[in-house]
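The block underneath contains the structure these notes are about, expressed in structure tokens.
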DNA sequence: ATGAAAGCGCTAACAA
DNA sequence: TTGTTAGCGCTTTCAT
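Right, here's the structure in full:
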């Protein structure tokens with residue numbers, strides 16, 4: 001079991017000062033070719049690598065990003081997490097992960113723990129903003145960006161899809177297809193994503209002179225989505241909605257199960273279903289769910305870009321509110337307006 | 001933006017020495033009630049929290065666990081990741097995550113980076129062991145445990161499900177149901193999970209006097225699984241397999257899509273499909289996949305337990321090879337043997 | 001029980 | 001370009 005090897009040991013072996021070793025491992029420091037050579041040789045011989053923690057202490061930069069994630073069971077998040085982690089790794093940062101889920105206690109405690117690690121920045125992915133954690137970070141001087149959540153408070157950077165516009169698109173699509181009993185199954189009311197999707201949806205419905213035909217709340221939880229669907233369809237067959245916008249795919253897939261396998265209805269012949277996110281499962285042929293795509297790649301890129309901007313230019317960097325437009329991916333879970341054809345399916 | 005507050009500042013405000021402050025925040029140190037009170041008061045007033053990194057430097061314990069994960073698109077992993085992270089958080093550790101995916105370069109580089117953070121331990125989740133990373137950690141004196149992978153090398157702790165026994169169960173189930181043309185779609189050959197599942201499956205088939213009727217390789221990738229399925233069924237209808245064991249659910253679900261929607265065959269009337277893992281999607285009614293359950297909770301508990309054991313008793317702790325038996329979850333994607341009934345489905 | 005002092009492994013002035 | 005020196009914020013002897 002090799003013992004921990006320090007820069008001092010390398011220095012001694014190489015016959016130089018300890019700071020010379022430090023310089024060799026500091027990009028852009030001034031070292032002569034000769035010294036560099038000697039040091040590198042000694043370093044590899046001993047298997048030396050700089051201690052990131054020690055470096056962090058003195059430099060004040062840990063190159064650690066705290067990532068707080070609420071749910072991993074909505075399949076949008078594993079995808080996003082993977083991309084975030086990869087992108088940050090490429091930039092020389094690493095991700096310290098914090099689950100803000102059920103088991104973990106108070107989110108505020110989690111935040112304190114994060115800050116204890118002297119993270120250079122924090123990404124909050126779909127974290128309920130009940131108590132304003134983000135503000136707490138700002139106070140500590142740690143840059144934050146909200147991923148897939150927005151906040152009315154100014155001065156906080158957030159990256160989302162354009163949920164309002166997405167909601168509108170779904171309503172317009174339903175109306176173009178001639179639907180007349182259009183319903184909505186909502187996500188968790190505390191989420192800006194939920195509120196914006198609903199607002200856009202209702203607005204476009206209103207523009208067409210329609211009103212919401214039925215409304216239930218699923219809270220972004222599959223089980224509650226099932227219950228919501230059962231309540232919504234527990235009426236005489238002719239009084240059932242003929243089109244339902246479900247606030248995310250995660251719920252929409254569960255709703256499709258209820259409709260097809262419990263109620264024995266056909267999709268889209270009896271009822272059209274549209275979701276939101278375009279998670280991989282939405283493209284699975286047994287569901288083939290029409291949905292609004294959240295462009296995860298773009299969202300991640302914007303998130304990382306904004307965060308690094310704040311880290312590197314603490315004074316200058318202005319808060320951004322990014323909302324990325326996403327296309328309606330037309331599959332077969334919703335009736336097509338005249339003249340539309342399903343887009344090529346991801347195989 | 002509150003500046004960083006140090007133990008020294010707290011000490012001054014409280015009128016005690018800096019070490020007194022340290023003691024207050026060190027569980028089990030000897031401090032008088034009075035001092036503790038004064039210190040805590042000053043600390044909350046200033047919003048002081050100990051700097052974990054500084055503590056790590058002097059104590060040599062970072063309370064960081066490096067977690068290397070390969071795929072997050074196999075839904076077994078997000079689940080496991082969430083549980084691992086939660087459990088470790090409860091034990092006062094935090095997870096530094098490393099994606100060993102396609103984009104990230106060499107895994108060995110990733111390992112070096114991990115060790116640079118002076119992690120107290122490492123969990124390798126489904127990481128290809130091509131170059132023996134685990135050994136590399138051992139050398140550095142960092143405890144490792146392999147999650148959902150095993151290694152023949154002694155002295156390395158691993159936690160898996162009992163893949164061999166799982167493979168056997170599937171074969172026995174097919175045979176009990178009277179299948180006579182039994183096929184297998186394999187995962188990535190470098191994975192011990194794949195090899196063990198196949199070995200158990202073949203062995204039980206052999207015990208019943210049968211041989212594998214068809215064999216293709218899907219490498220644990222959905223796209224390759226689809227190709228494998230197409231190749232496997234590209235024969236005269238009467239020559240097609242009547243039962244297929246697919247090495248994990250992730251692939252099995254894709255295979256079901258090919259069989260039902262491309263080939264127009266019925267499941268389980270024309271062909272039985274069984275998977276492995278019991279990911280959440282396997283229970284979705286549009287698939288309702290019969291599968292071997294990996295007991296994620298148990299696997300995680302064992303993993304954390306073993307890792308902490310190694311961390312806390314570096315000398316004593318013996319390497320463990322844990323293989324957790326998992327039940328066959330009988331749903332409707334495979335023909336039932338006489339007298340069997342489907343188990344209650346997770347709703 | 002408490003304070004003083006040493007030092008974890010490193011970077012960053014400052015001299016030379 | 002290089003070495004010397006002073007810390008980063010904390011824990012931990014060692015005295016008292």
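Residue numbers (the UniProt record's numbering), protein chains in the order written: chain V, 1 to 347; chain B, 1 to 347.
Backbone N, C-alpha and C fix where the C-beta goes; we use that ideal spot for every residue, glycine too.
Keep in mind that this is a model prediction, so the values were computed, not measured.
Please look up how many angstroms separate the CB atoms of residue 271 of chain B and residue 241 of chain B, rounded, as I've assumed it's under 8 angstroms.
6 angstroms
Below 8 angstroms, can you find three or more Cβ-Cβ pairs linking the stretch 128-148 of chain B to the stretch 158-177 of chain B?
Contact check between the stretch 128-148 of chain B and the stretch 158-177 of chain B: three or more CB pairs, one atom from each, fall below 8 angstroms, which counts as touching.
Find the residues of chain B that neighbour residue 50 of chain V, judging by a C-beta separation of less than 8 angstroms, and give them in chain order.
116
Under 8 angstroms Cβ to Cβ from residue 183 of chain V, same chain only, skipping five residues before and after it: list those, please.
212, 213, 214, 215, 216, 232, 241, 243, 244 and 245
Using a C-beta to C-beta distance shorter than 9 angstroms, which residues of chain V count as neighbours of residue 287 of chain B?
Chain V residues near residue 287 of chain B: 284 and 286.
Burial state of residue 78 of chain V (16 or more Cβ within 10 Å):
buried
When the cut-off is 8 angstroms and only beta carbons count, does residue 10 of chain V lie next to chain B?
With respect to chain B, the C-beta atom of residue 10 of chain V has no partner C-beta closer than 8 angstroms.
Among V:323, V:45 and V:230, nearest to residue 197 of chain V - alpha-carbon criterion:
V:323
What span of residues does the beta strand (DSSP E) with residue 87 of chain V cover, start to end?
No beta strand (DSSP E) holds residue 87 of chain V; the alpha helix (DSSP H) holding it covers 76-90.
Taking residue 198 of chain V as part of the beta strand (DSSP E), name the residues at either end of that continuous run.
Boundaries for residue 198 of chain V: no beta strand (DSSP E) harbours it, while the alpha helix (DSSP H) harbouring it runs 192-207, taken from the DSSP string.
Out of V:297, V:304, V:285 and V:69, which has the shortest C-alpha to C-alpha gap to residue 331 of chain V?
V:285
Closest by C-alpha distance to residue 313 of chain V, when choosing among V:142, V:12 and V:111
Considering only alpha carbons, the answer is V:142.
Beta-carbon within less than 7 angstroms of residue 194 of chain B's beta-carbon, same chain only, minus the 5 sequence neighbours each way: which residues are those?
Same-chain partners within the cutoff: 186, 187, 188 and 247.
Taking buried to mean at least 16 other C-beta atoms within 10 Å of its own C-beta, is residue 268 of chain B buried or exposed?
buried
Would you report the Cα separation of residue 35 of chain V and residue 89 of chain V, rounded to the nearest angstrom?
30 angstroms
Using a beta-carbon distance below 8 angstroms, is residue 57 of chain B in contact with chain V?
yes
Can you list, in chain order, the residues of its chain with a C-beta nearer than 6 angstroms to that of residue 48 of chain V? Leave out the 5 residues immediately preceding and following it.
5 and 10
Tell me, please, whether the CB atom of residue 299 of chain B is closer than 8 angstroms to any CB atom in chain V?
Cβ-Cβ to chain V under 8 angstroms: no for residue 299 of chain B.
Can you find the residues in the same chain that come closer than 8 angstroms, C-beta to C-beta, to residue 301 of chain V, ignoring five residues on each side of it along the sequence?
87
Quick one: Cα of residue 281 of chain V to Cα of residue 127 of chain V, how far?
Between the C-alpha atoms of residue 281 of chain V and residue 127 of chain V there is a straight-line separation of about 23 angstroms.
How is residue 247 of chain V classed by DSSP in three states: helix, strand or coil?
Three-state DSSP puts residue 247 of chain V in coil, outside helix and strand.
Quick one: residues in its chain with C-beta nearer than 6 angstroms to the C-beta of residue 74 of chain V, no 5 flanking neighbours on either side, listed in chain order?
250
According to DSSP, residue 94 of chain V sits in a beta bridge with which residue or residues?
V:64
Verify the CB distance criterion: does residue 198 of chain V have a CB-CB separation below 8 angstroms to chain B?
no
At the 8 angstroms Cβ level, is residue 54 of chain B part of the contact set with chain V, yes or no?
yes
Residue 337 of chain V beta carbon less than 8 angstroms from that of residue 116 of chain B:
no
Count the other CB atoms within 10 Å of the CB of residue 220 of chain B; is the residue buried (16 or more) or exposed (fewer)?
buried
Identify which residue in V:137, V:38, V:179 and V:119 has its Cα closest to the Cα of residue 93 of chain V.
V:119
Taking all protein chains shown into account, decide if residue 200 of chain B is buried (16 or more other Cβ within 10 angstroms of its Cβ) or exposed.
buried
Say whether chain B places a C-beta atom closer than 8 angstroms to the C-beta of residue 322 of chain V.
no
Output, in sequence order along the chain, the residues in the stretch 85-110 of chain V whose CB is closer than 9 angstroms to any CB in chain B.
85, 86, 87, 89, 90, 94, 95, 96, 97, 98, 99, 101, 102, 103, 104 and 110
Reduced DSSP secondary structure (H/G/I, E/B, other) of residue 133 of chain V:
helix
Of the residues B:3, B:293, B:328 and B:326, which one's Cα is nearest the Cα of residue 139 of chain V?
Taking the Cα of residue 139 of chain V as reference, the smallest distance to any Cα among B:3, B:293, B:328 and B:326 is reached at B:3.
Note down, one range per segment and in chain order, each alpha helix (DSSP H) of at least 4 residues found wholly within the stretch 220-306 of chain B.
222-233 and 249-257
According to a CB-to-CB cut-off of less than 9 angstroms, which residues of the stretch 245-271 of chain V neighbour chain B?
Correct list: 253, 254, 256, 257, 258, 260, 261 and 262.
Going by C-alpha distance, which of B:107, B:291 and B:208 is nearest residue 335 of chain B?
Minimum Cα-Cα distance from residue 335 of chain B among the listed residues B:107, B:291 and B:208 corresponds to B:291.
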